[in-house]
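Scroll down for the structure; my scribbles are underneath it.
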Amino acid sequence: MFMNLKIRTLVIGALAVLLALMLANGLMGIYGAGHSVGLVRQVTLRDQQHSTELNAMRLDMEQSRSQILQALQHNPDLAWAKLHDHPLTVHFDLINTYTGRTAKRWDAYLAAIASPDEKRLAEQWYADSAGLGLEAIKAAGAAIQASQWDEAESVLIRKINPSYRKGDAALKALTEFAAAKAQANEAAVDASLQSTTWTMVAVLAVGLLLGGAVGMALLAAISGPLQQAMAIATRVAGGDLTGRIESHSSNEIGALLAALDRMKGNLAGIVREVRGSTDTIASASGQIAAGNMDLSARTGEQASSLERTASAMEQLTGTVRQNADNARQANQLAQ
981 MFMNLKIRTL
991 VIGALAVLLA
1001 LMLANGLMGI
1011 YGAGHSVGLV
1021 RQVTLRDQQH
1031 STELNAMRLD
1041 MEQSRSQILQ
1051 ALQHNPDLAW
1061 AKLHDHPLTV
1071 HFDLINTYTG
1081 RTAKRWDAYL
1091 AAIASPDEKR
1101 LAEQWYADSA
1111 GLGLEAIKAA
1121 GAAIQASQWD
1131 EAESVLIRKI
1141 NPSYRKGDAA
1151 LKALTEFAAA
1161 KAQANEAAVD
1171 ASLQSTTWTM
1181 VAVLAVGLLL
1191 GGAVGMALLA
1201 AISGPLQQAM
1211 AIATRVAGGD
1221 LTGRIESHSS
1231 NEIGALLAAL
1241 DRMKGNLAGI
1251 VREVRGSTDT
1261 IASASGQIAA
1271 GNMDLSARTG
1281 EQASSLERTA
1291 SAMEQLTGTV
1301 RQNADNARQA
1311 NQLAQ
């Protein structure tokens, strides 16, 4: 399938796959981080906030009762009333601060409860503690302001203290339930985080496998045909023009192999033509050599004939010279 794809297409496709895997891993990491932070905020921090609110409300209740006790010490009938160096109104201001803050915290806490069981236990604590003792605290404070010291002490002993003790039992049940829920939520958060981690590991593993598969496919589509082309070029460079080059792809590598096959065929044709021309030249050279030998033989014969002619001419010249001398002598004698 990959053999017929263009190399440009293969490279672009491989890069696209790798970029997609990187994007998937990045998005998964962002999702995992956001999911983890969301779980911590929604579960762990919420549980801690609920626990903190419970402790804060109980502390404000205790501080409100403490202010009632300290306010009762301002009773002029008591000897230690003279030991206080601050006005009684200080305690009333603190009582108003603590009771108001407790009421606000209770409303916010009750509105944030999602579990029906936790809400039931919270309402049980509220009922057993006589509304967190807020009305009793206010009643005791009002009695002290009216200088009804015995009434205020009676409210503290008969209402506030018993409701606090009864409420503490319900608060313990609520606290234990909240602790168990927090532990279960923490385990759920850990399980969710572990699941997210394994999911990211799986995505990474799939990415590595796909990246390796894409790399192997790219290597098979490019490296193998290139090695084949290099081997063919090496054989041609060594003078081996036999065999046929087969291309099984239609991409650039296939076109290169086809071009090498045509080049090899053209070189083979040129070699055949050169061999034929060489044979013709060799035959013509043989014929020229034979003609030269024949011409050389004829030239030798002609040279011998010329030598004989020259010798005869020399003899003829001697005879003519002798005849001329004889004629001269005869002419002298005739005179």
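Quick note: the sequence shown, position 62, residue 1042 per our numbering, numbers continuous.
Yeah, the Cβ is synthetic: ideal placement off N, Cα and C, and Gly gets one too.
Everything numeric in this text was worked out from a predicted model, so none of it was measured.
inquiry  = If the criterion is Cβ atoms closer than 8 Å, does the pair K1139 and A1110 meet it?
reply    = yes
query = Is F1072 closer than 8 Å to Q1128 when the C-beta atoms are compared?
reply = no
task = Alpha carbon to alpha carbon, how far is G1280 from R1308? Give it in angstroms, no decimals.
result = 42 Å
request  = Give me the Cα-Cα distance between A1171 and E1131, rounded to the nearest whole angstrom.
outcome  = 57 Å
Nearest residue (CA-CA) to A1209, options A1091, R1242, D1305 and V1186 = R1242
message = Let's see if you can read the secondary structure: which residues bound the alpha helix (DSSP H) around L1052?
response = R1026 to L1052
key: R1026 versus G993: straight-line alpha-carbon distance, rounded   = 47 Å
query = Whose CA, out of S1134, M1037, V1135 and S1285, lies closest to the CA of R1081?
reply = M1037
query = E1253 to N1246, Cα distance in whole Å?
reply = 11 Å
query = According to the Cβ coordinates, are G1147 and I1048 closer than 8 Å?
reply = no
task = Could you have a look at N1306 and say whether DSSP puts it in helix, strand or coil?
result = helix
message = To the nearest angstrom, how far is the alpha carbon of A1290 from that of M1273?
response = 26 Å
ask   = In or out: Y1089 buried (at least 16 other Cβ within 10 Å) or exposed?
value = buried
inquiry  = Taking 8 Å as the threshold (C-beta atoms), are D1108 and A1150 in contact?
reply    = yes
message = Quick check on the DSSP output: the alpha helix (DSSP H) that includes G1121 runs from which residue to which?
response = L1114 to Q1125
task = Would you kindly work out how many angstroms separate the C-alpha atoms of Q1029 and Q1174, rounded to a whole number?
result = 24 Å
Spatially closest choice to H1054 from T1176, A1153 and T1069, by CA coordinates = T1069
message = Quick check on the burial criterion: 16 or more other C-beta atoms within 10 angstroms. Buried or exposed for M1002?
response = exposed
key: Buried/exposed call for V1181, threshold 16 Cβ in 10 Å   = exposed
query = With distances taken between CB atoms, is the gap from Q1043 to Y1078 smaller than 8 Å?
reply = yes
query = Measuring CB to CB, does A1004 end up less than 8 Å from G1187?
reply = yes
message = Less than 7 Å between C-beta atoms, sequence neighbours within five positions excluded: which residues of the same chain meet that for G1191?
response = L998 and L1001
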